[in-house]
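Numbering (this note's numbering), first residue to last: 175 to 588. Virtual Cβ for every residue (Gly too), placed ideally from N, Cα, C. Taking it in order: structure first as C-alpha cells, then the write-up.
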C-alpha cells in the first residue's frame, strides 16, 4: 500500500474525489501538511437539493482543517464546484468530508466535541491551535441540531432543579427525564422562577410531548416551581425530594450556629461536625465536638437534634408509618423549639415542612429521587470551575447539554 492509498483511506474519499497531491511545509511551526483533493475533468456531481448527477458550473478553492498527521497540522484543499441543476439551478455542492459552511472536516469537528466534554474549551483551543470562538460555533451547531431532533413523546416523569451559572444570583434551571439512566438532561433555561416551567412546557410541546402526559414532577420546595407546576403540568403528582428536606434543616442549623457563635464559645470543629450524620465519617475532633455539644446548653444542640431526627422519618418502610413519624416529628420539634428567638431559622424550616407535608410523603409512593440531579449539578459546577466561568449563560447551557443530555450522542453520528 503506497502513501496515497493511506491518505485516501484515512480521508474516506469516494468517487469522483481522489487525492492528487500532497505537500509538507516545514518552514512553519508547527509544520503543515496540505492534501490536494480533486475530481477528473468532466465529472458529474450530485445536486445538493435533489441528488441528481449534474455537470459543474464553476469552481471555488476551499480549505479545511483536518486531524493532525503525526506532529503536523493537516489541511485539505479542493476546487469545489457549483452544479447546474435543471430543477434547482446553480448551487454549491456538499463535499463528503465536511459539513456545508464549515472550515473543519467532520473528523476534526468530532475531535473538538469529544475534547470539549472533557476539558475547558479555551484549553482545548490552545491544544488544537484554533480560537475558542470557532470551537463554540461548532459545539452550538451540533447541540442545536440534536435538540431539534429530540422527541419527548414518551416523557412521563421529570425532575427539575436550579444550578448557579455565575457568581451572584444567576441561575439556570435544568430539567431531566427521571426514567433515563444515562444522559437524562432534556432542557435547560436561564432563571429559576415560574417562567422556566412555562419555557419547558413550550419546549415539550415543540418536541412531540404533551403536558398531560407528565404524571410526576420531582423538585424542591420552591414556591415558584410548585405554583408553576400546578398550572402548566396539572396532571402531575409533585414529589418533594428528601434531599431538599434535609438540606432545609441543615441550612437552618448552620444559621443557628452562626448566630450563637457571636454570643457564646463553641468547639472549633463544630462547624463541620453538625453538617454530617452523627454516625457518619467523623474525625476524632469532630466526635469530641459533638460530645461537647450534647452536654452543653447551646441552642445549636437543640437544632442539631431536630435535624438528626429527620433520619428516623426517612427509615419508615410504609406511607402510613412515614405519615405518623412526620406528625410525631413536627410535634417533637415544636416542643423543643418553644419561643426561643435564636431558633427562628429552624422554626421556619418546620413551618415549610408542615406546609408541604403531603408532597414530602409522596416520596413513599414514588420510585423517583432527585439524587441524580444533585450529582449532575456537581458535574456542571466542576465544568464551570475548570473553565473559570463562562462568557454568558448561553455557553454554560450548551455545555450542560454536551455533558449530560442525549444530544451527546451526536458524537456517534458525525
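Where the beta strand (DSSP E) containing residue i begins and where it ends
| i | result |
| --- | --- |
| residue 253 | 246 to 259 |
| residue 492 | Where residue 492 is concerned, there is no enclosing beta strand (DSSP E), given that its DSSP letter is neither H nor E. |
| residue 577 | Counting along the chain, residue 577 falls outside any beta strand (DSSP E), though it belongs to the alpha helix (DSSP H) covering 567 to 578. |
| residue 519 | Premise fails: residue 519 lies in the alpha helix (DSSP H), 518 to 529, not in any beta strand (DSSP E). |
| residue 265 | 263 to 266 |
| residue 332 | 331 to 340 |
| residue 208 | 206 to 213 |
| residue 393 | 390 to 393 |
Nearest-angstrom Cβ-Cβ length linking residue i and residue j, presumed shorter than 8 Å
| i | j | result |
| --- | --- | --- |
| residue 352 | residue 539 | Their Cβ separation, rounded to whole angstroms, is 14 Å, which puts residue 352 and residue 539 out of contact at 8 Å. |
| residue 393 | residue 412 | 7 Å |
| residue 429 | residue 519 | 4 Å |
| residue 507 | residue 480 | 5 Å |
| residue 422 | residue 347 | Their Cβ separation, rounded to whole angstroms, is 19 Å, which puts residue 422 and residue 347 out of contact at 8 Å. |
| residue 438 | residue 447 | Between residue 447 and residue 438 the Cβ distance is about 17 Å, and since that is not below 8 Å, they are no contact. |
| residue 296 | residue 561 | 7 Å |
| residue 192 | residue 212 | 7 Å |
Pick from the options that is closest to residue i, judged by C-alpha positions
| i | options | result |
| --- | --- | --- |
| residue 485 | 416, 553, 475 and 301 | 416 |
| residue 580 | 471, 510, 371 and 349 | 349 |
| residue 326 | 493, 382, 213 and 471 | 382 |
| residue 336 | 496, 396, 390 and 384 | 396 |
| residue 283 | 245, 375, 238 and 244 | 238 |
| residue 301 | 279, 554 and 245 | 245 |
Span of the alpha helix (DSSP H) around residue i
| i | result |
| --- | --- |
| residue 195 | Unbroken run through residue 195 is the beta strand (DSSP E), 191 to 199; no alpha helix (DSSP H). |
| residue 551 | 545 to 560 |
| residue 457 | Counting along the chain, residue 457 falls outside any alpha helix (DSSP H), and DSSP gives it neither H nor E. |
| residue 277 | No alpha helix (DSSP H) contains residue 277, which DSSP labels as neither H nor E. |
| residue 302 | 295 to 302 |
Reduced DSSP secondary structure (H/G/I, E/B, other) of residue i
| i | result |
| --- | --- |
| residue 407 | coil |
| residue 316 | helix |
| residue 345 | strand |
| residue 354 | coil |
| residue 290 | helix |
| residue 187 | coil |
| residue 321 | helix |
| residue 239 | strand |
| residue 475 | helix |
| residue 326 | coil |
| residue 366 | coil |
| residue 437 | coil |
| residue 232 | strand |
| residue 218 | coil |
Sub-8 Å separation of residue i and residue j beta-carbons
| i | j | result |
| --- | --- | --- |
| residue 206 | residue 247 | yes |
| residue 414 | residue 533 | yes |
| residue 434 | residue 473 | yes |
| residue 317 | residue 572 | yes |
| residue 240 | residue 281 | yes |
| residue 255 | residue 232 | yes |
| residue 535 | residue 493 | yes |
| residue 368 | residue 398 | yes |
| residue 257 | residue 235 | no |
| residue 340 | residue 563 | yes |
| residue 407 | residue 441 | no |
| residue 270 | residue 196 | no |
| residue 469 | residue 510 | no |
| residue 298 | residue 261 | no |
Cβ of residue i within 8 Å of any chain C Cβ
| i | result |
| --- | --- |
| residue 241 | Chain labels in this structure do not include chain C; a single protein chain is all it has. |
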